[in-house]
Amino acid sequence: MVDLKLVFHDLVQLEIELWNAVDARLRAECDLQLTWYEVMQLLARRSECRIQDVAEEFGITVGGTSKVVDRVEAAGYCRRRANPNDRRSSLVELTPEGRRLVDKATKVFEAELVARIGSQLPEQELEAFAATLSALRAAGRGPDGG
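Position one of the sequence shown corresponds to residue 39 (the numbering used here), numbered consecutively onward.
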């Protein structure tokens, strides 16, 4: 019988080790922390993004998200603009400098993932692992998606 406590421990440790390795490489090669990269990468993918959207994407509070965006904005990598559909919120978008940085950081991010995950298992095993993770996450969210 599989020891689920050990599976849990291994998953958590893998996530921590992977996060720390990717974060260290982004800091060394791009002077960018992984938390900022994650937000910037989302902004690069979505043309109209509110603080609320970022918070929902990462499952964190609006207040915490706003603080991260404030720091990314202070560094010159994103800006807020008025939301034409809702005067109570603003839209956040990357600046040209932010877009250049996220493009560079994406190459570093992907290279580290290949080194730490992609080169460790055959493609078929990676596909099965990805499907298993997806199924476990979906089951954890339940039928209502939450």
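Virtual Cβ for every residue (Gly too), placed ideally from N, Cα, C. The structure displayed is predicted, hence computed values, not measured ones.
Can you find the residues in the same chain that come closer than 8 Å, C-beta to C-beta, to residue i, ignoring five residues on each side of it along the sequence?
{"i": "Val110", "result": "Trp74, Val77, Met78, Cys116, Gly136"}
{"i": "Ser128", "result": "Arg88, Ile89, Arg118, Arg119, Ala120, Asn121"}
{"i": "Gln51", "result": "none"}
Please name the residue, chosen from the options, that lies closest to residue i on a Cα-to-Cα basis.
{"i": "Arg65", "options": "Ser172, Ile155, Ala168, Glu150", "result": "Glu150"}
{"i": "Phe46", "options": "Gly180, Glu161, Leu171, Ala176", "result": "Leu171"}
{"i": "Val92", "options": "Arg83, Ser85, Thr103, Ala82", "result": "Thr103"}
To which residues does DSSP link residue i through a beta bridge?
{"i": "Arg117", "result": "Glu131"}
{"i": "Cys87", "result": "Val130"}
Exposed or buried, what is residue i when buried is set at 16 or more other beta-carbons lying within 10 Å of its beta-carbon?
{"i": "Ala168", "result": "exposed"}
{"i": "Val252", "result": "Missing from the structure shown is residue 252; the chain here goes from 39 to 184 and no further."}
{"i": "Arg126", "result": "exposed"}
{"i": "Val152", "result": "exposed"}
Please list the terminal residues of the continuous alpha helix (DSSP H) segment that includes residue i.
{"i": "Asp124", "result": "Counting along the chain, Asp124 falls outside any alpha helix (DSSP H), and DSSP gives it neither H nor E."}
{"i": "Gly178", "result": "161 to 179"}
{"i": "Ala62", "result": "42 to 68"}
In its own chain, which residues sit with a C-beta less than 6 Å from the C-beta of residue i, not counting the 5 before and 5 after it?
{"i": "Leu70", "result": "Leu64, Ala143"}
Which residues in the same chain have their Cβ closer than 7 Å to the Cβ of residue i, if we skip the five residues on either side of it in sequence?
{"i": "Cys68", "result": "Leu139, Lys142, Ala143, Val146"}
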